[in-house]
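Written below as structure tokens is the structure these notes are about.
Residue numbers (our numbering), protein chains in the order written: chain A, 433 to 544; chain B, 172 to 286.
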């Protein structure tokens with residue numbers, strides 16, 4: 433049973449525009465969320481995280497929004513750059529920072 | 172500082188065989204987690220080792236096992252391989268345990284193909 437879902441397998445965005453990647457979860461007990469970026473032939477790399485006590489966390493061009501009532505998480509990248517083209521995974525945990533449930537990933541393509 | 176290394180990078184096995192994958196964490200990291208990545212399924216948590224003890228476990232059958240050595244290096248073993256075990260196996264290390272948020276650093280993975 434997939435507790436974390438990324439319903440868009442792919443997303444294409446023009447360079448300089450905003451990229452919005454979405455993630456939904458079913459377990460209301462999740463209290464810590466992360467986004468990872470993965471390039472081909474490399475392992476995922478940590479991008480940004482958010483605790484359930486917050487509804488927004490920002491780091492440079494990357495902002496994560498958390499809507500607990502909707503059980504929805506989104507990652508905004510502004511402005512998008514060609515180097516952002518990668519697969520993005522969201523992940524969640526329940527009071528345990530080393531056991532994560534991952535979504536299936538969204539492949540972002542930023543066109544020059 | 173060297174990153175997480177995994178060996179081998181690619182492996183081809185046949186059904187019924189067993190396989191052992193290795194992961195060397197970043198120096199000083201004591202927690203090692205293993206994930207299976209298959210198309211459309213994302214990363215699925217297998218287990219986590221901390222100080223040579225399995226501390227967390229995912230929902231995988233007993234054919235999947237692991238261990239951690241005193242130097243924090245970890246191995247994962249899959250016995251009686253099935254076609255569905257074909258996947259990218261990723262290991263991730265982190266500095267401490269699960270008491271506080273800490274970043275997990277992933278290795279490049281081992282691509283296992285079962286024929």
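Glycine residues also receive a C-beta, built at the ideal position from the N, C-alpha and C atoms.
Cβ atoms of residue j and residue i: under 8 Å apart, would you say?
| i | j | result |
| --- | --- | --- |
| residue 519(A) | residue 539(A) | yes |
| residue 478(A) | residue 213(B) | no |
| residue 211(B) | residue 536(A) | yes |
| residue 183(B) | residue 286(B) | yes |
| residue 464(A) | residue 481(A) | yes |
| residue 229(B) | residue 218(B) | yes |
| residue 454(A) | residue 435(A) | no |
| residue 497(A) | residue 506(A) | yes |
| residue 531(A) | residue 227(B) | yes |
| residue 246(B) | residue 193(B) | yes |
Could you pull the DSSP bridge partners for residue i from this structure?
| i | result |
| --- | --- |
| residue 185(B) | Paired residue(s): none; residue 185(B) is not in a bridge. |
| residue 258(B) | 283(B) |
| residue 200(B) | Residue 200(B) is not bridged to any residue. |
| residue 238(B) | 246(B) |
| residue 452(A) | 508(A) |
| residue 470(A) | 519(A) |
| residue 526(A) | According to DSSP, which records beta bridges pairwise, residue 526(A) is partnered with nothing at all. |
| residue 542(A) | 445(A) |
| residue 173(B) | For residue 173(B), which the question treats as bridged, DSSP gives no partner whatsoever. |
| residue 208(B) | 214(B) and 259(B) |
Could you work out which residues of chain B lie near residue i, taking near to mean beta carbons separated by less than 7 Å?
| i | result |
| --- | --- |
| residue 473(A) | 279 |
| residue 536(A) | 211, 212 and 213 |
Listing by chain order, which chain B residues have their CB less than 8 Å from the CB of residue i?
| i | result |
| --- | --- |
| residue 533(A) | 216 |
In chain A, which residues lie less than 9 Å from residue i when you measure between Cβ atoms?
| i | result |
| --- | --- |
| residue 189(B) | Here the premise fails: no neighbours, minimum Cβ distance about 24 Å. |
| residue 296(B) | With chain B represented from 172 up to 286, any question about residue 296(B) goes unanswered, as that position is not in the structure. |
Mind pulling the chain A residues with CB within less than 7 Å of residue i?
| i | result |
| --- | --- |
| residue 239(B) | Simply none; closest approach about 13 Å. |
| residue 274(B) | 478 |
Between residue i and chain E, is any beta-carbon pair separated by less than 8 Å?
| i | result |
| --- | --- |
| residue 530(A) | The structure shown contains no chain E; its protein chains are A and B. |
Residues of the stretch 195-227 of chain B in Cβ contact with chain A at a cutoff of 8 Å, in chain order, please. 202, 204, 206, 211, 212, 213, 214, 215, 216, 219, 221, 226 and 227
Count the C-beta pairs between the stretch 202-222 of chain B and the stretch 258-269 of chain B that are closer than 8 Å, then say yes if the count reaches three, no if not. yes
For the stretch 276-285 of chain B against the stretch 172-186 of chain B, are there 3 or more C-beta pairs whose distance is under 8 Å? yes
Members of the stretch 475-494 of chain A that neighbour chain B once the beta carbon cut-off is set at 9 Å: Hits within the stretch, in order: 475, 476, 477, 478, 481 and 483.
Indicate whether the contact test is met: 3 or more Cβ pairs, each with one atom in the stretch 438-450 of chain A and one in the stretch 493-506 of chain A, closer than 8 Å. no
May I ask you to list, following chain order, the residues of the stretch 503-522 of chain A that have a beta carbon less than 8 Å from some beta carbon of chain B? 521
Can we say the stretch 216-224 of chain B touches the stretch 234-247 of chain B, given the rule of at least three CB pairs closer than 8 Å? yes
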